[in-house]
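Residue numbers for the sequence shown follow our numbering, beginning at 31 and rising by one.
Beta carbons: idealized from backbone N, C-alpha and C, even for Gly.
Values in this document were obtained by computation on a predicted structure and should not be read as measured data.
Report on the following structure.
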Amino acid sequence: MDTDPRAADIERFYVHCRFGQIHGRRLNATGSGSSPPLICLHPAPYSGLYFTTAMPLLNENRCVIAPDYPGYGGSTPLVSSPSISDYAIAIIEMIDALAIPGDQAVDLLGFHTGCLVAAEIAIQEPSIARRLVLVDVPYFDSQARHAMYVKMAQPGEVTQLSDLDANWDFNITNRLDVVPFERAFDLFVEQLRPATISHWGFHAAFTWPGEDRLPLVMTETLVIATDSGLTEATHHAAAILPNAQLLTKPDINRAVFEEAAGMIADETIDWLDR
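Okay, structure coming up:
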(Lines of atoms letter the chains of each structure in order from A and count residues from 1; the text may use other names and numbers.)
(Lines give C-alpha, C1' and ligand atoms only; values in the text may rest on other atoms or scores of the structure.)
Protein backbone atom coordinates (compact mmCIF):
# COMPACT_ATOMS: atom_id res chain seq x y z
CA MET A 1 0.00 0.00 0.00
CA ASP A 2 1.62 3.24 -1.19
CA THR A 3 1.16 6.55 0.61
CA ASP A 4 -1.30 8.83 -1.20
CA PRO A 5 0.69 11.89 -2.38
CA ARG A 6 -2.28 14.08 -1.42
CA ALA A 7 -1.49 13.35 2.23
CA ALA A 8 1.30 15.92 1.90
CA ASP A 9 -1.42 18.59 1.70
CA ILE A 10 -2.69 17.85 5.21
CA GLU A 11 -2.26 20.94 7.39
CA ARG A 12 -1.85 21.21 11.16
CA PHE A 13 -3.75 23.62 13.39
CA TYR A 14 -4.28 24.55 17.02
CA VAL A 15 -7.39 26.12 18.56
CA HIS A 16 -8.31 26.88 22.15
CA CYS A 17 -11.06 25.22 24.16
CA ARG A 18 -11.89 25.27 27.86
CA PHE A 19 -9.41 22.43 28.47
CA GLY A 20 -6.48 24.12 26.73
CA GLN A 21 -5.25 23.72 23.16
CA ILE A 22 -6.71 21.27 20.68
CA HIS A 23 -4.36 20.10 17.95
CA GLY A 24 -5.70 18.77 14.70
CA ARG A 25 -5.10 17.99 11.07
CA ARG A 26 -7.07 19.41 8.17
CA LEU A 27 -7.22 18.53 4.50
CA ASN A 28 -9.04 21.11 2.41
CA ALA A 29 -11.67 20.05 -0.07
CA THR A 30 -11.00 19.22 -3.67
CA GLY A 31 -13.69 20.26 -6.11
CA SER A 32 -16.44 22.63 -5.07
CA GLY A 33 -16.10 22.19 -1.33
CA SER A 34 -19.89 22.39 -1.13
CA SER A 35 -20.38 19.40 1.17
CA PRO A 36 -20.36 19.79 4.96
CA PRO A 37 -16.99 19.33 6.67
CA LEU A 38 -16.23 15.84 7.96
CA ILE A 39 -14.81 15.51 11.47
CA CYS A 40 -12.90 12.24 12.04
CA LEU A 41 -12.82 11.06 15.66
CA HIS A 42 -10.01 8.71 16.56
CA PRO A 43 -9.72 5.58 18.70
CA ALA A 44 -7.78 5.68 21.96
CA PRO A 45 -4.85 5.78 22.54
CA TYR A 46 -4.02 7.26 19.13
CA SER A 47 -4.78 10.73 17.70
CA GLY A 48 -6.01 12.34 14.52
CA LEU A 49 -2.89 10.89 12.87
CA TYR A 50 -4.90 7.66 12.70
CA PHE A 51 -6.90 9.06 9.77
CA THR A 52 -4.17 10.47 7.55
CA THR A 53 -4.33 7.48 5.20
CA ALA A 54 -8.09 7.90 4.80
CA MET A 55 -8.30 11.70 4.66
CA PRO A 56 -7.24 12.04 0.98
CA LEU A 57 -9.90 9.45 0.11
CA LEU A 58 -12.64 11.48 1.81
CA ASN A 59 -12.01 15.10 0.83
CA GLU A 60 -13.73 15.34 -2.55
CA ASN A 61 -16.00 18.39 -2.16
CA ARG A 62 -15.53 18.42 1.63
CA CYS A 63 -12.92 19.56 4.11
CA VAL A 64 -11.75 16.71 6.37
CA ILE A 65 -10.66 17.49 9.93
CA ALA A 66 -9.03 15.04 12.37
CA PRO A 67 -8.57 16.51 15.87
CA ASP A 68 -6.76 15.03 18.86
CA TYR A 69 -8.75 14.63 22.09
CA PRO A 70 -7.37 16.38 25.17
CA GLY A 71 -4.35 14.38 26.35
CA TYR A 72 -3.73 12.67 23.00
CA GLY A 73 -1.50 13.68 20.12
CA GLY A 74 -0.65 17.36 20.43
CA SER A 75 -3.63 18.43 22.54
CA THR A 76 -3.39 19.67 26.12
CA PRO A 77 -4.25 16.95 28.65
CA LEU A 78 -6.99 17.37 31.22
CA VAL A 79 -6.03 17.67 34.87
CA SER A 80 -8.00 14.56 35.81
CA SER A 81 -9.57 11.52 34.18
CA PRO A 82 -11.82 12.69 31.33
CA SER A 83 -15.27 11.60 30.27
CA ILE A 84 -16.70 11.09 26.80
CA SER A 85 -18.67 14.27 27.50
CA ASP A 86 -15.39 16.15 28.04
CA TYR A 87 -14.09 14.97 24.68
CA ALA A 88 -17.37 15.95 23.01
CA ILE A 89 -17.27 19.43 24.55
CA ALA A 90 -13.68 19.89 23.36
CA ILE A 91 -14.61 18.97 19.79
CA ILE A 92 -17.75 21.13 19.83
CA GLU A 93 -15.65 24.09 20.96
CA MET A 94 -13.08 23.28 18.28
CA ILE A 95 -15.79 23.37 15.62
CA ASP A 96 -16.90 26.76 16.92
CA ALA A 97 -13.32 28.06 17.02
CA LEU A 98 -12.69 27.01 13.42
CA ALA A 99 -15.60 29.23 12.34
CA ILE A 100 -16.90 26.68 9.85
CA PRO A 101 -19.05 28.59 7.32
CA GLY A 102 -22.81 28.39 7.13
CA ASP A 103 -24.88 26.92 9.92
CA GLN A 104 -21.84 24.97 11.20
CA ALA A 105 -23.50 21.62 10.56
CA VAL A 106 -20.82 18.94 10.13
CA ASP A 107 -20.67 15.23 9.52
CA LEU A 108 -18.92 13.00 12.05
CA LEU A 109 -16.95 9.79 11.41
CA GLY A 110 -15.97 7.78 14.49
CA PHE A 111 -13.95 4.61 15.00
CA HIS A 112 -13.98 2.72 18.33
CA THR A 113 -13.79 5.45 21.03
CA GLY A 114 -14.58 7.98 18.33
CA CYS A 115 -18.03 6.43 17.87
CA LEU A 116 -18.93 7.34 21.44
CA VAL A 117 -17.58 10.88 21.06
CA ALA A 118 -19.55 11.35 17.83
CA ALA A 119 -22.73 10.12 19.51
CA GLU A 120 -22.23 12.42 22.49
CA ILE A 121 -21.68 15.42 20.21
CA ALA A 122 -24.94 14.61 18.42
CA ILE A 123 -26.74 14.45 21.77
CA GLN A 124 -25.26 17.64 23.21
CA GLU A 125 -25.44 19.75 20.03
CA PRO A 126 -27.80 18.08 17.55
CA SER A 127 -27.92 21.21 15.39
CA ILE A 128 -24.26 20.85 14.40
CA ALA A 129 -24.33 17.09 13.68
CA ARG A 130 -25.85 16.48 10.24
CA ARG A 131 -24.98 12.80 9.79
CA LEU A 132 -22.88 10.21 11.61
CA VAL A 133 -20.79 7.27 10.43
CA LEU A 134 -19.85 4.93 13.28
CA VAL A 135 -17.38 2.14 12.54
CA ASP A 136 -17.05 -0.73 15.06
CA VAL A 137 -18.86 0.64 18.10
CA PRO A 138 -17.58 -0.40 21.57
CA TYR A 139 -21.08 -0.69 23.04
CA PHE A 140 -21.33 -2.88 26.15
CA ASP A 141 -23.78 -3.26 29.00
CA SER A 142 -22.72 -2.16 32.49
CA GLN A 143 -21.37 -5.57 33.51
CA ALA A 144 -19.27 -5.94 30.37
CA ARG A 145 -18.09 -2.33 30.65
CA HIS A 146 -16.85 -2.99 34.17
CA ALA A 147 -14.90 -6.03 32.99
CA MET A 148 -13.39 -4.03 30.13
CA TYR A 149 -12.57 -1.18 32.49
CA VAL A 150 -10.64 -3.47 34.81
CA LYS A 151 -8.74 -4.90 31.84
CA MET A 152 -8.01 -1.77 29.81
CA ALA A 153 -8.45 1.41 31.87
CA GLN A 154 -5.46 0.93 34.14
CA PRO A 155 -2.19 2.85 33.82
CA GLY A 156 0.48 0.91 32.01
CA GLU A 157 3.91 0.49 33.55
CA VAL A 158 6.99 0.74 31.36
CA THR A 159 10.22 0.10 33.24
CA GLN A 160 12.19 -1.60 30.48
CA LEU A 161 12.16 -1.75 26.71
CA SER A 162 10.59 -5.21 26.61
CA ASP A 163 7.43 -3.73 28.17
CA LEU A 164 6.76 -2.22 24.74
CA ASP A 165 6.92 -5.55 22.90
CA ALA A 166 3.14 -5.98 22.74
CA ASN A 167 2.65 -2.49 21.31
CA TRP A 168 5.41 -3.07 18.78
CA ASP A 169 3.89 -6.36 17.66
CA PHE A 170 0.36 -4.91 17.42
CA ASN A 171 1.32 -1.83 15.44
CA ILE A 172 4.24 -3.10 13.39
CA THR A 173 5.14 -6.81 13.36
CA ASN A 174 1.59 -8.03 12.76
CA ARG A 175 0.83 -5.43 10.06
CA LEU A 176 3.93 -5.29 7.90
CA ASP A 177 2.21 -7.22 5.13
CA VAL A 178 -0.46 -4.50 4.76
CA VAL A 179 0.98 -1.30 6.30
CA PRO A 180 4.32 0.25 5.25
CA PHE A 181 6.91 0.26 8.03
CA GLU A 182 7.13 4.06 8.14
CA ARG A 183 3.37 4.37 8.65
CA ALA A 184 3.25 1.55 11.19
CA PHE A 185 6.13 3.11 13.12
CA ASP A 186 4.37 6.49 13.19
CA LEU A 187 1.30 4.87 14.73
CA PHE A 188 3.45 2.97 17.23
CA VAL A 189 5.07 6.21 18.39
CA GLU A 190 1.72 8.03 18.50
CA GLN A 191 0.28 5.32 20.73
CA LEU A 192 3.10 5.93 23.22
CA ARG A 193 2.83 9.74 23.31
CA PRO A 194 0.22 9.95 26.12
CA ALA A 195 2.61 7.92 28.31
CA THR A 196 1.19 7.57 31.83
CA ILE A 197 -2.29 8.80 30.83
CA SER A 198 -2.70 6.66 27.71
CA HIS A 199 -5.46 4.72 29.50
CA TRP A 200 -7.64 7.78 30.08
CA GLY A 201 -9.52 7.28 26.81
CA PHE A 202 -10.51 3.82 27.98
CA HIS A 203 -11.61 5.26 31.32
CA ALA A 204 -13.87 7.63 29.38
CA ALA A 205 -15.19 4.89 27.08
CA PHE A 206 -15.97 2.35 29.78
CA THR A 207 -17.68 4.82 32.11
CA TRP A 208 -20.00 6.10 29.36
CA PRO A 209 -23.50 4.57 29.79
CA GLY A 210 -24.18 3.68 26.19
CA GLU A 211 -27.49 1.99 26.97
CA ASP A 212 -28.77 5.36 28.22
CA ARG A 213 -27.01 7.65 25.74
CA LEU A 214 -27.29 5.95 22.34
CA PRO A 215 -31.12 6.02 22.29
CA LEU A 216 -30.87 9.82 22.53
CA VAL A 217 -29.03 10.13 19.20
CA MET A 218 -31.60 11.37 16.68
CA THR A 219 -29.09 12.12 13.93
CA GLU A 220 -29.17 9.94 10.81
CA THR A 221 -26.46 7.34 11.39
CA LEU A 222 -24.67 4.74 9.30
CA VAL A 223 -23.25 1.99 11.51
CA ILE A 224 -20.54 -0.11 9.86
CA ALA A 225 -19.69 -3.48 11.40
CA THR A 226 -16.46 -5.07 10.19
CA ASP A 227 -15.33 -8.58 11.06
CA SER A 228 -13.72 -7.82 14.41
CA GLY A 229 -14.00 -8.33 18.13
CA LEU A 230 -16.62 -5.56 18.13
CA THR A 231 -18.96 -7.08 15.54
CA GLU A 232 -21.60 -8.17 18.06
CA ALA A 233 -21.30 -4.95 20.06
CA THR A 234 -21.74 -2.92 16.88
CA HIS A 235 -24.90 -4.81 15.93
CA HIS A 236 -26.31 -4.16 19.40
CA ALA A 237 -25.47 -0.46 19.11
CA ALA A 238 -27.24 -0.19 15.75
CA ALA A 239 -30.32 -1.83 17.25
CA ILE A 240 -30.80 0.85 19.92
CA LEU A 241 -29.91 3.89 17.80
CA PRO A 242 -33.26 5.42 16.78
CA ASN A 243 -32.26 6.53 13.28
CA ALA A 244 -29.55 4.09 12.21
CA GLN A 245 -28.81 1.93 9.21
CA LEU A 246 -26.51 -1.07 9.74
CA LEU A 247 -23.98 -2.08 7.10
CA THR A 248 -22.02 -5.29 7.66
CA LYS A 249 -18.60 -5.62 6.03
CA PRO A 250 -17.37 -9.17 6.71
CA ASP A 251 -14.69 -8.72 4.04
CA ILE A 252 -12.92 -6.18 6.27
CA ASN A 253 -11.10 -8.00 9.06
CA ARG A 254 -7.96 -5.95 9.75
CA ALA A 255 -6.34 -2.53 9.30
CA VAL A 256 -9.72 -0.84 8.89
CA PHE A 257 -8.34 2.64 8.18
CA GLU A 258 -5.23 1.41 6.38
CA GLU A 259 -5.73 -1.61 4.12
CA ALA A 260 -9.51 -1.10 4.05
CA ALA A 261 -9.46 2.71 4.04
CA GLY A 262 -10.74 2.86 0.47
CA MET A 263 -13.75 0.66 1.23
CA ILE A 264 -14.63 2.63 4.35
CA ALA A 265 -14.22 5.91 2.47
CA ASP A 266 -16.50 4.74 -0.36
CA GLU A 267 -19.26 3.72 2.05
CA THR A 268 -18.86 6.94 4.03
CA ILE A 269 -19.06 9.20 0.98
CA ASP A 270 -22.04 7.28 -0.41
CA TRP A 271 -23.92 7.77 2.87
CA LEU A 272 -23.01 11.42 3.34
CA ASP A 273 -23.82 12.40 -0.26
CA ARG A 274 -27.32 10.94 -0.32
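In this structure, how does DSSP classify P156 when only helix, strand and coil are distinguished?
Of the three classes helix, strand and coil, the one that applies to P156 here is helix, per DSSP.
For R42, write down the residues that DSSP places opposite it in a beta bridge.
Per DSSP, R55.
Expressed to the nearest angstrom, what Euclidean distance is found between the alpha-carbon atoms of L217 and D207?
One C-alpha to the other measures close to 15 Å.
For P66, which residues in the same chain have their Cβ closer than 6 Å to its Cβ, ignoring the five residues on either side in sequence?
Same-chain partners within the cutoff: A135, V136, D137 and R160.
By how many angstroms is the C-alpha of I125 removed from the C-alpha of E212?
So the two alpha carbons sit approximately 31 Å from each other.
Compute the distance between the beta-carbons of I254 and L88, then report whether it is under 9 Å.
Their beta carbons are not under 9 Å apart, which means I254 does not touch L88 by this criterion.
Measure the C-alpha to C-alpha separation of V167 and G292 and round it to an integer number of angstroms.
Each residue's alpha carbon lies about 20 Å from the other.
Can a CB atom of chain D be found closer than 9 Å to the CB of H142?
In the structure shown, chain D does not exist; there is a single protein chain.
How would you call G103, buried or exposed, if buried means at least 16 neighbouring beta carbons within 10 angstroms?
The residue in question, G103, is buried, as its Cβ has 16 or more Cβ neighbours within 10 Å.
Which one or two residues does DSSP pair with T251 in a beta bridge?
L162 and A274, per the DSSP bridge assignment.
Output the residue ranges of the alpha helix (DSSP H) runs that lie fully inside the stretch 46 to 126 and measure 4 residues or longer, sorted by chain position.
The qualifying runs are 85 to 88.
Which same chain residues end up closer than 6 Å to H53 when comparing Cβ atoms and leaving out the 5 residues on each side of it in sequence?
Once the five neighbours on either side are set aside, the close Cβ partners of H53 are Y44, D98, G103, G104 and S105.
Starting from D300, follow the alpha helix (DSSP H) in both directions and report where the run begins and ends.
Here the alpha helix (DSSP H) through D300 covers A291 to L302.
Which residue's Cα is closest to the Cα of G63: H72, P73, N91 and M85?
Of H72, P73, N91 and M85, the residue nearest in Cα terms is N91.
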